[in-house]
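Notes for the one structure printed next.
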Amino acid sequence: MAPNLGPRRDPGPIPPVERAKLDAQRAAAKRPEASGAKGVEVVHRRAPRYGRFILTGLLAGALLAFVIALFTRGWSALSTSNTFWLLLISLGLLGMLAGSVIAYLRDRASLTHVDAMVASPDEPEGRA
1 MAPNLGPRRD PGPIPPVERA KLDAQRAAAK RPEASGAKGV EVVHRRAPRY GRFILTGLLA
61 GALLAFVIAL FTRGWSALST SNTFWLLLIS LGLLGMLAGS VIAYLRDRAS LTHVDAMVAS
121 PDEPEGRA
């Protein structure tokens, strides 16, 4: 039976420098020997973020709806706010559709600008 040494004390958080050293040692232990390892060809391309294009289209539609609602004040029985919301529904959807089409076209264009690179395993610090 092991002797009771009292309550176990937590050493506290590990300083970032020590944590980085431990992480590097763990990664080096898991990595196969890099001396004979060859690089692997990888493909890198920059694809657009669809959500940002769609949101930009929605905001453009909202801005256009606001401007049209202000300029058409008093032309119909609808109030300015009702006109804005009605236009926002239609122009917002059209803006979102236009944004997604633009993102799709940019994505298709980015396929022609694909960069092929060779990725090789990193050497751990101290082994260079």
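For the sequence shown, the UniProt record's numbering assigns the number 1 to the initial residue and increments by one for each residue that follows. Ideal placement from N, C-alpha and C gives every residue a C-beta, glycine not left out. Predicted model, so just to flag it, every value in this text is computed and none were measured.
>> Which runs of the alpha helix (DSSP H) at least 4 residues long sit entirely within the segment 50-101? Give them in chain order.
In response: 50-71
> Can you tell me whether residue 80 is buried or exposed, with buried defined as 16 or more other CB within 10 angstroms of its CB?
Replying inline: The residue labelled residue 80 in the question sits at position 80 within the sequence shown. Flag for residue 80 reads exposed.
> With 16 other CB atoms within 10 Å as the buried threshold, where does residue 87 fall?
Replying inline: Residue numbering aside, residue 87 sits at position 87 when the sequence shown is read from its first letter. So residue 87 ends up on the buried side.
> Excluding sequence positions up to five away, which residues of its chain have a Cβ less than 6 Å from the Cβ of residue 106?
Replying inline: Sequence index remark: in the sequence shown, residue 106 carries index 106 (1-based). 48, listed in sequence order.
>> Could you compute how far the alpha carbon of residue 59 sits from the alpha carbon of residue 41?
In response: Taking the sequence shown and counting its residues from 1, one reaches residue 59 at position 59. Taking the sequence shown and counting its residues from 1, one reaches residue 41 at position 41. Those two C-alpha atoms are separated by around 40 Å.
>> Given this structure, state the Cα-to-Cα distance separating residue 75 from residue 57, to the nearest angstrom.
In response: Position 75 of the sequence shown, counted from the start, is the residue given in the question as residue 75. Position 57 of the sequence shown, counted from the start, is the residue given in the question as residue 57. Near 27 Å, if we compare the C-alpha coordinates of residue 57 and residue 75.
> What distance in whole Å lies between the Cβ atoms of residue 84 and residue 98, which are believed to be in contact at a cut-off of 8 Å?
Replying inline: Indexing the sequence shown from 1 puts residue 98 at position 98. Indexing the sequence shown from 1 puts residue 84 at position 84. Their Cβ separation, rounded to whole angstroms, is 19 Å, which puts residue 98 and residue 84 out of contact at 8 Å.
> Going by other Cβ atoms of all chains shown within 10 Å of its Cβ, with 16 needed for buried, is residue 51 buried or exposed?
Replying inline: Along the sequence shown, one-based indexing puts residue 51 at 51. The residue is exposed, with fewer than 16 neighbouring Cβ atoms inside 10 Å.
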